[in-house]
Each structure stands twice: as structure tokens, then as C-alpha cells.
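The structure appears below as C-alpha cells.
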Amino acid sequence: MEYEMEELIPLVKELCDRYTGKESTSVTYEAAQRLMEAVLYCIHETTGSAEAAGVSDGSRSARMAYEYGYELAVQKVGQARERYNRMAANFRSYGNRAYEETFRQGIPAFFLWYDVRLKPQDHIITMDYPVMKNLEGLCGIDAIWEYLRCMEAEQKFLARFPEDYIRQVNVARCADYEEYYINPCRVMLRHVLCCMLADIPADKIRFGEEDYMRLKEEVQNQDRGGLKRRLTRLLYVLVKQKYCEDEKLFGYLEYDMADLAFELQNWLWKQAGRN
1 MEYEMEELIP LVKELCDRYT GKESTSVTYE AAQRLMEAVL YCIHETTGSA EAAGVSDGSR
61 SARMAYEYGY ELAVQKVGQA RERYNRMAAN FRSYGNRAYE ETFRQGIPAF FLWYDVRLKP
121 QDHIITMDYP VMKNLEGLCG IDAIWEYLRC MEAEQKFLAR FPEDYIRQVN VARCADYEEY
181 YINPCRVMLR HVLCCMLADI PADKIRFGEE DYMRLKEEVQ NQDRGGLKRR LTRLLYVLVK
241 QKYCEDEKLF GYLEYDMADL AFELQNWLWK QAGRN
């Protein structure tokens with residue numbers, strides 16, 4: 001629902017008073033713009049809310065939407081903190097420094113400094129650890145909430161494998177993986193799916209020449225779209241057999257299928273160029 005500026009400006013004015021502690025009658029244009037973004041962020045939080053739908057018939061004022069959206073954001077922060085605390089008890093970074101520091105230091109810093117009233121659109125931390133879902137366009141608690149959901153899915157996937165095996169697979173992919181912004185879950189997922197695709201024993205950490213030849217045959221026999229569909233079917237089998245058909249986990253891991261198909265075909269193209 002769109003609101004006129006005359007409804008929004010009084011809300012921004014109130015935030016300006018909070019921002020300055022009522023010690024100044026003016027703020028910079030940049031500060032006022034950020035406070036307007038704060039108002040709009042909270043109003044946007046009501047989008048898709050079943051409770052908000054009951055008052056979305058045009059009679060809801062901007063103030064009502066803003067205050068309700070603010071409360072929703074506060075609730076989401078609490079739920080995100082609960083999710084983080086549940087995850088923290090068994091969280092494993094598998095030696096990757098970016099993963100460890102983002103989870104153990106970055107996320108707590110967000111909860112410490114996040115300002116729902118004045119800066120709800122600011123998620124504070126840089127989220128350097130790369131999850132498989134594209135979170136571009138999300139900000140504030142919405143970004144952190146989705147970031148945690150991605151991490152939770154990765155932890156669930158990795159928990160079914162021995163930690164030493166995960167580390168060895170990642171080292172085989174990149175000897176210094178502990179120091180780089182690498183996603184251990186993505187590396188492990190791709191390894192398992194490539195094993196399934198080429199009928200290679202899943203416990204094999206490093207592929208030999210024969211393994212690469214079998215993988216090459218599977219990749220070159222289909223276009224990128226067909227390869228993506230094949231990988232997605234293999235992923236479905238994996239999740240069905242090992243994770244009790246967890247739809248949410250499947251939905252998250254599926255985000256990597258298009259990139260994996262692209263990288264496999266790119267690898268095949270590079271191999272052809274060397275021959």
C-alpha cells in the first residue's frame with residue numbers, strides 16, 4: 001500500500017527527534033533520507049503478514065502500518081536470536097575462518113548493534129561468508145534472518161558426513177580453503193553430486209584420471225539445461241535417501257544446481273582446449 005508524503009513526514013520528524021535527542025531542530029539531508037528509509041522499511045515489513053491483511057482495506061494509516069511493521073521487525077529479531085542460539089550449540093565451521101568468524105563474531109555483533117527504530121534497514125555486518133542463495137535486495141533483519149536460514153540448512157547437510165571427510169574434500173578442492181571465502185557445504189555438495197553423476201564411490205576424496213573421464217562423458221552428453229535437470233534429480237534422490245525428503249533443505253541446495261551445471265561445462269570446455 002502506498003502512502004502520501006504528508007503521512008510519512010510526521011513519522012520521519014519523530015525519528016529525527018529521537019536521532020538528535022530533541023537537542024537540534026535540523027538534521028542533514030542524508031540523515032533525513034536514512035530516517036525515511038527506516039520508516040519505509042518498517043511499513044514494508046507488513047507485506048505478506050496475515051494479521052496486517054485484516055487492516056489493508058485502505059483504512060490503515062501510515063502510522064498504523066509503521067508501528068505494526070516495527071513490532072514485526074522486533075519479533076523477527078527475537079526469532080533470529082533464538083535460531084542463532086539453537087545453531088550455536090552444535091555449529092561447525094570445518095576449519096574455514098570466514099565461516100567461523102562470521103558466525104561466532106559477525107552475527108552476535110549484529111544483535112548487539114542493530115537499531116530497529118532508527119536503522120532497521122542496516123544489517124551492520126558485511127556477511128563475507130558466501131551462502132548459496134542470492135540475498136541481494138535484502139537488508140536489515142530480513143537479510144540476517146535469511147542468512148541464518150541458509151547457514152542452518154548447510155549445517156544440516158554437512159552434519160551427515162564425518163568432519164575429517166569434509167575437511168579432506170575441501171583441501172582436495174583448495175589446499176588453503178581455511179583461509180579463503182569458500183563455502184564448505186557447496187564444495188561437499190558438488191563432490192557428492194559429481195560422484196553420483198559419474199558413478200564414482202562417494203567416499204573417494206580425490207578423483208583419478210579414469211574418474212575424470214567418466215565425469216567428462218556424463219557432462220558432454222547433454223546441454224546445460226539438461227545437465228542442470230539431471231543434477232537436480234540426483235539432488236532429489238540424495239535428499240530423499242539421506243535427509244527424509246526435507247523439502248526446505250532441497251530448496252536451499254537447489255540454488256547451486258545452475259552454477260554447478262555451468263562450472264562443469266566450463267571445465268569440459270577448458271579440457272577440450274588443452275587437447
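Quick note, the sequence shown lines up with residues 1 to 275 if you use my numbering. For every residue, glycine included, the Cβ atom is placed at its ideal position computed from N, Cα and C. Given the structure is predicted, the values throughout are model-derived calculations rather than measurements.
Contact check for A261 against L231 passes: the beta carbons are separated by less than 8 Å.
By the 16-neighbour rule on beta-carbons within 10 angstroms, T102 is buried. Within the stretch 88–163, the complete alpha helix (DSSP H) runs of at least 4 residues fall at 97–101, 107–113 and 140–158.
In the DSSP assignment, I205 falls outside any alpha helix (DSSP H), carrying neither H nor E. Judged by DSSP in its simplified three-state form, K22 adopts coil rather than helix or strand.
Between W145 and K76, the gap from beta carbon to beta carbon is short of 8 Å.
Scanning R186, R104, M127 and Y165 for the CA closest to the CA of M257 turns up R186.
L235 and V27 have their C-alpha atoms spaced approximately 54 Å apart.
Judged by beta-carbon spacing, H123 lies beyond the 8 Å limit of A98, meaning their Cβ atoms are not closer than that value. In terms of CA proximity to Q265, D223 leads the group R86, Y3, P201 and D223. Relative to Y70, the option among E178, V39, Q168 and K248 whose CA is nearest is V39. Note on geometry: alpha-carbon atoms of N221 and K228 lie some 12 Å from one another. Straight across, the Cα-Cα distance linking C195 with A153 is about 21 Å. Just measuring C-alpha positions, the residue of R86, K240 and L215 sitting nearest E263 is L215. Per DSSP, A175 lies in no alpha helix (DSSP H) and is assigned neither H nor E.
Spanning the alpha carbons of C174 and E209 requires a straight line of approximately 19 Å.
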